[in-house]
Each structure stands twice: as structure tokens, then as C-alpha cells.
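Engineer: FYI, numbering that gives the first Met the number 0 numbers position 174 of the sequence shown as 173, with every residue one higher than the one before it. Cβ atoms here follow ideal geometry from the backbone N, Cα and C, with glycine treated the same way. Here the structure is a predicted model, which is why all the values come from computation and not from measurement. Here it is, the structure, as C-alpha cells.
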Amino acid sequence: MKTNRDRVVKISVSGEVAHPITRAPFRLAIDGTPWLFPGTGGITYNFTLGDSAYKMAGDHVEPDVSTKNPNDSMNAAYVKYSCIGNEAIVLTGKAKDATGYVIGKHGGINHVLIHFNQEVKESLAIGDKIQVKGWGNGLVLEDYPEVRAYNIDPALFEKISIEEKDGKLFFPVKAVVPGYLMGSGAGSGNPAGGDYDIITNDKALIGKLGLDKLCIGDFVAIENHNDSFGLGGYVEGAVTIGVVVHGDCIITGHGPGVTVILTSHKDFIIPIINEKANISNYLK
């Protein structure tokens, strides 16, 4: 596929391992049940790329390592320029020089999520500095002007088994999400600023649609959403491709988060179900 890969800016951005934060003792589930358990931030030792998005007894739990730049303006650039598949290197602490990969971005809390192997995770500490080679935003699919790419490392993108036929892109996904199930984060004007959530409050419906099988790193298609200039633009026939980046949520209107990587205002993207459609199979 012809792209402008060689002209996409590769730029250094950095953050540090982010401490978990909490705003209230309890989180309220849709049925009114209060729960006291972890949420975003930190080094999550038992939740990683490829795990079920429903694995953890928590809310918005982030896989592997959550990072953030403590300066708000710099963090905006850190989140914007970091792309899924980008290389990350530890700059300080016991794990210095270890490398990993960006696997997602979480809006609202404004974290960049990074996968490191278990040994590295055990050596990391809150506050350790991490530098990312931000590369991907600005990527153009030159033969597909109706399709916009965001948040994806060009080298990772080229490894995905995308078929080109009759002016359309046939993209492997684990599942297809009806547009009416996209909730928190919809309305954001920045498709490179994080994610938005699949609403999982109706567990029976989620099971019926097969969305209960989603894992961190899975590719999904979102029906009737044009996210070209913001998240959640409902347009009949539009298709968006994204990556599942954080765990399930108990609160109303939330669920596993999806970071956008491709979108079109018409049906130029055709999702093809593939059980192996997960970024972990392309990062090796």
C-alpha cells in the first residue's frame, strides 16, 4: 500500500510512570452498587497485552504501564504524538534501557499505555522516565483519500494483513461494534487524544454480539462512526477501526476503551472477522 511513511515525522516525546489516582472512595455501578477497587494508573503487574478486557475486578484498569508527562502542555503533545506500536525506552531507574511498545492512549486521564515484559515491569518504579519515538500521526494512505489514519506506527500498519480490492480496504478485526454502543468519550474533537468506550452495561447484549470476548490489543470495527475530525460522529455507512486499550468499566455509559487508527465517512473500510486480529501478533 502506498503511503507517505518516509515523510511522517518521528519525534521524541516523554512521560513517566504515573501514580494511580482516586477521586472518591466508591465507584457506583449502573445498578447502584458501590464498589471500592483500583482504576487507572500505575504499573499493573497482572494485566497485560492480550488479556481479556473483562479480566480485572476494577474500573477502567489500564494494562501494563500507565505513563504521563507531569506538565499539562507537554502531556498533550506526549499523548497526541505517541502512536500504537511506537518504541518506548526507559531512561531512568533499575529498568534503564529496557524497551517496550505503546499499546494505547486513554483520554480523560490522558495516559499513554506502554507494554513491557513482566521482568521489566517488576523493575520499574513510579516516576521512572520513559521516552517514546512518536511516529504515525500525519500518515496518509495515498491511494485512499477518503480514509484517514491516526495513532498507528507506520511500520506496524504495514504488517497488518489488509487486503485491497475495488477501491476498498478489507481490515481484520476481532469483532464489529454497533455504533449505538459507543459512549464515554464520544464528542471529543481530537481523534488523536485518547479513546472512547464501548458501553457494556447490558451484559446480555454484549454477550450476544460476541463483545465479551474482547482482549487488550484487539482490532475492532465501529459501524456508522466517522471519526475523521472527532470521536463519535454518527454517519450511516461510515466505518472506524480501533484498538481495545483498557479494561471494562462498571459506571454508566462506559466500558473497554477504543483508540482510533482508521476511519472513513463512507464504506471504504470493510471489516473481516479474524480471531487473531490483535496487535500482539504484529509487534513480535
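Would you call the CB atoms of Cys248 and Asp50 closer than 8 Å?
Structural biologist: On the sequence shown, residue 248 is found 249 positions in, with the first residue counted as 1. On the sequence shown, residue 50 is found 51 positions in, with the first residue counted as 1. Cβ distance not < 8 Å, so Cys248 and Asp50 don't count as in contact.
Engineer: Provide the residue(s) that pair with Lys104 in DSSP beta bridges, ordered along the chain.
Structural biologist: The sequence position of residue 104 within the sequence shown is 105, counting from 1. BP columns for Lys104 point to Val111.
Engineer: For the alpha helix (DSSP H) containing Asp71, name the first residue and the last one.
Structural biologist: Along the sequence shown, read from residue 1 onward, the residue named residue 71 stands at position 72. Start and end: Asp71 to Tyr80.
Engineer: Taking the alpha-carbon positions, what's the Ile108 to Thr39 distance?
Structural biologist: What you label residue 108 is simply residue 109 of the sequence shown in a count that begins at 1. What you label residue 39 is simply residue 40 of the sequence shown in a count that begins at 1. Roughly 8 Å between the two C-alpha positions.
Engineer: Does the beta-carbon distance from Val299 to Leu138 come in below 8 Å?
Structural biologist: The structure shown does not extend to residue 299, since the chain spans only 0 to 283, so no value can be given for it.
Engineer: Since Gly254 contacts Ile197 with CB under 8 Å, what's their CB separation in whole angstroms?
Structural biologist: Counting from one through the sequence shown, the residue named residue 254 turns up at place 255. Counting from one through the sequence shown, the residue named residue 197 turns up at place 198. Yes, they are in contact, since the Cβ atoms of Gly254 and Ile197 sit about 4 Å apart, within 8 Å.
Engineer: Considering Cα atoms alone, identify which of Glu235, Asp211 and His114 is closest to Ser279.
Structural biologist: Mapped onto the sequence shown, residue 279 falls at position 280. For the residues Glu235, Asp211 and His114, the minimum Cα distance to Ser279 belongs to His114.
Engineer: Buried or exposed for Tyr233, going by 16 or more other Cβ atoms inside 10 Å?
Structural biologist: Residue mapping note: residue 233 aligns to position 234 of the sequence shown, counting from 1. Its Cβ having fewer than 16 others within 10 Å, Tyr233 is exposed.
Engineer: First and last residue of the alpha helix (DSSP H) that includes Lys207?
Structural biologist: Within the sequence shown, numbered from 1, the residue matching residue 207 stands at position 208. That run of the alpha helix (DSSP H) goes Lys202 to Lys207.
Engineer: Could you give the distance in angstroms between the alpha-carbon of Ala154 and the alpha-carbon of Arg26?
Structural biologist: As a working mapping, residue 154 is identified with position 155 in the sequence shown. As a working mapping, residue 26 is identified with position 27 in the sequence shown. For Ala154 and Arg26, the distance between alpha carbons rounds to 40 Å.
Engineer: Can you find the residues in the same chain that come closer than 8 Å, C-beta to C-beta, to Gly231, ignoring five residues on each side of it along the sequence?
Structural biologist: The residue you call residue 231 lines up with position 232 of the sequence shown. Closer than 8 Å at Cβ, skipping near neighbours: Met181, Gly184, Ala185, Gly186, Ser187, Tyr195 and His224.
Engineer: When DSSP builds the beta bridges, which residues end up paired with Cys214?
Structural biologist: By one-based count along the sequence shown, residue 214 stands at place 215. Paired residues: Ser51.
Engineer: For Tyr179, name the three-state secondary structure that DSSP assigns.
Structural biologist: For the purposes of this step, residue 179 is identified with residue 180 of the sequence shown, where counting begins at 1. Reduced to three states, the DSSP call for Tyr179 is helix.
Engineer: Give the single residue among His105, His110, Trp34 and Thr258 whose Cα lies nearest to the Cα of Ser227.
Structural biologist: As a first step, residue 227 must be located in the sequence shown, where it is residue number 228. That would be Thr258, whose Cα lies nearest to the Cα of Ser227.
Engineer: If you follow the beta strand (DSSP E) that Leu261 is in, where does it begin and where does it stop?
Structural biologist: The sequence position of residue 261 within the sequence shown is 262, counting from 1. Unbroken beta strand (DSSP E) run through Leu261: Gly256 to Ser263.
Engineer: Relative to the alpha-carbon of Gly166, which residue among Lys275, Ala17, Phe267 and Ala56 has its alpha-carbon at the smallest distance?
Structural biologist: For the purposes of this step, residue 166 is taken as residue 167 along the sequence shown, with counting starting at 1. Nearest of Lys275, Ala17, Phe267 and Ala56 to Gly166, Cα basis: Phe267.
Engineer: Here's the rule: buried if 16 or more other CB atoms are within 10 angstroms of the residue's CB, otherwise exposed. What is Thr66?
Structural biologist: For the purposes of this step, residue 66 is taken as residue 67 along the sequence shown, with counting starting at 1. Counting Cβ neighbours within 10 Å, Thr66 comes out buried, since at least 16 surround it.
Engineer: Measuring alpha carbon to alpha carbon, tell me which residue in Ala191, Glu235 and Thr262 is nearest Lys79.
Structural biologist: For the purposes of this step, residue 79 is taken as residue 80 along the sequence shown, with counting starting at 1. Minimum Cα distance to Lys79 is reached at Ala191.
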